[in-house]
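Take a look at the structure below.
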Amino acid sequence: MLGNQYFMARNYAEAEAELEPLLSGNASKGVRRKLVICYTQNGKLRKALDLFNELITEDIEYITSADPVKDDCPCPELVKNIEKFELDNSKDYLILKGILWLFCDYEKSLFNFTKAVGQASPNEAVLYAYNTIKDYVSAHPKSA
Numbered sequence: 098m099l100g101n102q103y104f105m106a107r108n109y110a111e112a113e114a115e116l117e118p119l120l121s122g123n124a125s126k127g128v129r130r131k132l133v134i135c136y137t138q139n140g141k142l143r144k145a146l147d148l149f150n151e152l153i154t155e156d157i158e159y160i161t162s163a164d165p166v167k168d169d170c171p172c173p174e175l176v177k178n179i180e181k182f183e184l185d186n187s188k189d190y191l192i193l194k195g196i197l198w199l200f201c202d203y204e205k206s207l208f209n210f211t212k213a214v215g216q217a218s219p220n221e222a223v224l225y226a227y228n229t230i231k232d233y234v235s236a237h238p239k240s241a
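In the working numbering, each number is its position in the sequence shown, counted from 1, plus 97.
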């Protein structure tokens, strides 16, 4: 599929253009996971968050168990790149990091969503992601 080829080449704009029409049908979790990442990289945070929430409702472990190599998940590198610049602590920046961190480390994802919720007037989508991830972390503690 051409969308996957673009995604593997990290051409997120072209990957989005190829993958997004698949949403009108019964898009697989893999397609939706890739679109979440594409949306974050293409400045479409609201679309990313909405699709992210659909995925974590359906199967949060599909995201938390993503393997950077096997699943061709670029999130470890994307998080590393955005965090080295640490541009600001705006709600959008924290949401972006929260989404991407869930692919790598669910506790760091929760940390960023917690900070986003702590800012003025979090919307329902942010609260939903925060509560879903918080429940997951509570049920799957990393350290005892």
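We treat Cβ as the ideally placed atom computed from N, Cα and C, and that holds for glycine. Remember, it's a predicted structure, so these values are computed and weren't measured experimentally.
Would you say Leu197 and Leu175 are within 8 Å of each other, going by their C-beta atoms?
-> yes
Where Ala217 falls: helix, strand or coil (DSSP) = coil
By Cβ distance, which residues of its chain are closer than 8 Å to Leu152, with the 5 residues on each side in sequence left out?
-> Lys126, Arg129, Arg130, Val133, Tyr159, Ile160
Using the C-alpha atoms, what's the distance from Leu191 back to Glu221?
-> 15 Å
Neighbour-count burial assignment, Asn228, 16 or more Cβ in a 10 Å radius = exposed
For Arg130, the three-state DSSP class (helix, strand or coil) | helix
With a cut-off of 8 Å, do at least 3 Cβ pairs link the segment 136-150 to the segment 106-121?
-> yes
For Pro118, which three-state DSSP category applies?
-> helix
Burial state of Val214 (16 or more Cβ within 10 Å) | buried
When the Cα of Pro173 is compared with those of Arg107, Cys201, Phe210, Thr211, which residue comes out closest?
-> Cys201
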